[in-house]
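Below is one structure, written out as structure tokens; comments come after it.
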Amino acid sequence: MSTASPLPLESVIGFEGKVHGGLVLHPNGKTMLYPLGATIVIKELGDAFSQSFLQGHTDEVSCLTLSTDGRYLASGQISYMGFTADIIVWDLETRTMVHRMSLHKVKVQALTFSYDGKYLASLGGQDDNSLVIWDVETGNAICGSPTSNEQVTCVKFFSNTNTKLATGGHNNLDVWDFDRGNRKIRPTNCRLGQLRRICNSITVDEYDEYMYVGTTSGDVLQVSLSQHLFKAAGPLKSRVAKGVASNAIAPTGELVIGGGDGSVTVLERGSMKTMAATKLESGVTSCVMAPGVHKDGGFGIYCGTESSNIYYLKYSPTSGFQSELIQTCHHEPINDVAFPQGYSEVFATCGSSDIRVWHIAEARELLRIQVPNVECNCVAFFGDGGSIISGWSDGKIRAFAPQSGRLLYTINDAHSAVTAIIATNDCSRILSGGKEGNVRVWRVGPQSQTMVASMKEHKGPVNSIALRANDTECVSASSDGSAIIWDLARFTRNNSLFASTFFKACAYHPDESQIVTTGTDRKVTWWDAFDGQAIRILEGSGSAEINALDISAAGDMVVTGGGDKDVKIWGYDEGHCYHVGKGHSGAITKVKFTPDGERIVTVGAEGAIFIWQNMPIH
């Protein structure tokens, strides 16, 4: 039997905002690059439909850097303790991998190209703490050296020479001389006097006179590169709260710093005085300058934040900052994904304290519904599209209008925490499952919401509920090792399915003769819906639990996803795995076929939404 072929990735929604310096702008000013899990996304600005991907890393991308001419991109990743972490050099003209280089243990902390693109310097993480210089043409290491006794966090080549570079970290700031002939690098300590600082970011000016070092103390140090001597610090009057996370030099010569508190500040480089400041919603981990100077002497800045938002800031010396949100996504685990019945253009996702509705073709947010300090565990649409129903960690079921996001009604104390939710096809009732194990049926009217029945048999959380098309029967999958088929006329148990697993997901085949379940035992099981006997048991994953499954509307395919981070497409009848999609860097929490069957949407614990092109299985 043939091996599984790769599943093509169509688009992604997300941005790994926690990667310092992860947002990169190509010198052409039109192409943006950023990491998302183990994938690198290449996006054309202003074109919602244009995305391409660089896939080759086996775990989360930890750093990115672009050569000055924009031809090469280098990316580093994290790995498991005791294993080496890869650096990959990509050719952006052909969008192909040029070199895969492995030396650093556990994590690649930072990368920088020399100004001429000949050399690449890489810095290992806390468990490695070494600096290595690579030849970009051959992909071979030229030389390396242990850095400081304490952790080193950032590295930067000079702007006009490929033989000097600077590193900074915990109470250390060094300038290194690279001797290509003898294959050696030698450090010189920078004299900071009484100052003790932890460095976050380094920017070298265009003449190699000074470097500007952002610190966790909230100031930027101006250090002379010829004398290795501290000269000045700024902002003068007040430091940046939560430290300076990123900095860059503007086309007009000013210094722009991004703070851990979300502030973006423009400093005059000579005096280090603050010229203008604005505040975004969370820590600014990337500051990238748009090329060119505006007519009024201002400039543009692209900022990436910790909460996975990308902003475009327009700075003018006369009117200050104007900000525009150009991309957003969840920045914490996504718990559920849902489509309206029979409509594939939009879908909803839910996670920590919010529900978001997305347009699938443009990968764009249409609506955000926020409820502070509670987590949304599950979301579903009513069949008529009249409301979005959701289950929350505070035990409430909340219903919202799908276009305005207005709260329509709340069912208080539905469960200790609502973990599964589905609406009946006649739009008159809601079925919900709770953390305590109850399955409850609610009658929903325009004025009132009342409980019709509470079915108490599960001893653990109800993770999934699937419903028959005629609303007479449903199946609930629970962490207690049972899936129960319920009669929704008498509200009693019709049958039980038992396995030595925490059931995570269940689904009816479209002809409703069979049920498919999956769970922590890594198996996908087909059951007879009438007598509750197991028909087929497949090994769904070799290494991790399976959290989610869905069956296509035609009934010929099953998609699964879980802790091994792979999306797998199975033939329903023969049980063979035909396609595997790789891209997630966190456990997959939910998978869904679009109602038209053309795409598959998967969401993960890293906060990413991946939209895959569905492939025929024969």
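Heads up, the final residue of the sequence shown is numbered 673 in our numbering, and it's a clean run with no missing numbers. The beta-carbon is built from N, C-alpha and C at its ideal position, and this holds for glycine as well.
Judged by pairs of C-beta atoms under 8 Å, the segment 126–145 touches the segment 164–181, as three or more such pairs exist.
Rounded to whole angstroms, Lys73 and Gln588 show a C-alpha spacing of 47 Å. For the beta strand (DSSP E) assignment, the uninterrupted runs of no fewer than 3 residues enclosed by the segment 607–643 are, from N- to C-terminal side, 612–617, 621–626 and 632–637. Scanning its chain for C-beta atoms nearer than 8 Å, with the 5 sequence neighbours on each side dropped, one finds around Asn525 the residues Asn480, in chain order. Beta-bridge partners assigned by DSSP to Thr547: Asp542.
Assigned with DSSP and collapsed to three states, Gly359 falls in strand.
Residues of the same chain with a CB within less than 6 Å of the CB of Ser214, apart from the 5 flanking positions on each side, are Tyr170, Val259, Glu261 and Asp263 in chain order.
Here the segment 568–576 lies against the segment 514–534, with 3 or more beta-carbon pairs under 8 Å apart. Val96 and Ser134 do not touch by the CB rule: their CB atoms are close to 21 Å apart, not below 8 Å. In the three-state reduction of the DSSP assignment, Val412 falls in the strand class. The C-beta distance from Glu71 to Gly92 rounds to 7 Å, short enough to fall under 8 Å. Closest by C-alpha distance to Ser448, out of Leu175, Phe436, Pro457 and Thr474, is Thr474. Going by DSSP, Lys559 is part of the beta strand (DSSP E) stretching over Phe558 to Tyr563. Scanning its chain for C-beta atoms nearer than 6 Å, with the 5 sequence neighbours on each side dropped, one finds around Ser157 the residues Thr139 and Asp141, in chain order.
Taking C-alpha positions only, Asp114 is separated from Glu528 by approximately 42 Å. Residue environment for Met510: buried (at least 16 other C-beta atoms within 10 angstroms of its C-beta). For Ala303, the closest C-alpha among the options Ser337, Gly355, Arg155 and Glu336 is that of Gly355. No Cβ-Cβ contact shorter than 8 Å links Ile443 with Ala469.
Look at Phe437 here: in three-state DSSP terms it is coil, with no helix or strand label. For the pair Val530 and Asp586, the Cα-to-Cα distance works out to about 13 Å.
Under the rule that a run must span 3 or more residues, the beta strand (DSSP E) segments found entirely inside the segment 448–472 read 452–455 and 462–466.
Lys286 counts as exposed, since fewer than 16 other C-beta atoms from the protein chains shown sit within 10 angstroms of its C-beta. At the C-beta level, Gly224 and Ser203 come within 8 Å of one another.
The shortest C-alpha to C-alpha distance from Thr307 to any of Val339, Thr151 and Ala345 is the one to Ala345. As the crow flies, the alpha-carbon of Ser598 is around 10 Å from that of Lys620.
With fewer than 16 other Cβ atoms from the protein chains shown falling within 10 Å of its own Cβ, Pro61 counts as exposed. Excluding sequence positions up to five before and after Val646, its CB lies within less than 6 Å of the CB of Ala603, Asp605, Val614, Gly616 and Thr657, all in the same chain and listed in chain order. Between Ile476 and Cys433, the C-beta gap is smaller than 8 Å, which places the two residues in contact. Judged by DSSP secondary structure, Met136 falls outside any beta strand (DSSP E); it is assigned neither H nor E. The residues Gly317, Thr360, Glu361 and Ser362, in chain order, have a CB closer than 6 Å to that of Ser337 in the same chain once the five nearest residues on each side in sequence are set aside. For Thr649, the CB contacts under 6 Å within the same chain, skipping 5 residues up- and downstream, are Ser399 in chain order. Rounded to whole angstroms, Trp231 and Ala221 show a C-alpha spacing of 6 Å. Annotated three-state conformation of His385 is coil, per DSSP. When DSSP states are grouped into helix, strand and coil, Ile672 belongs to the coil group.
Burial check for Ser640: the Cβ neighbour count within 10 Å reaches 16 or more, so the residue is buried. Annotated as distal: Thr243 and Pro290, with beta-carbon spacing of 8 Å or more.
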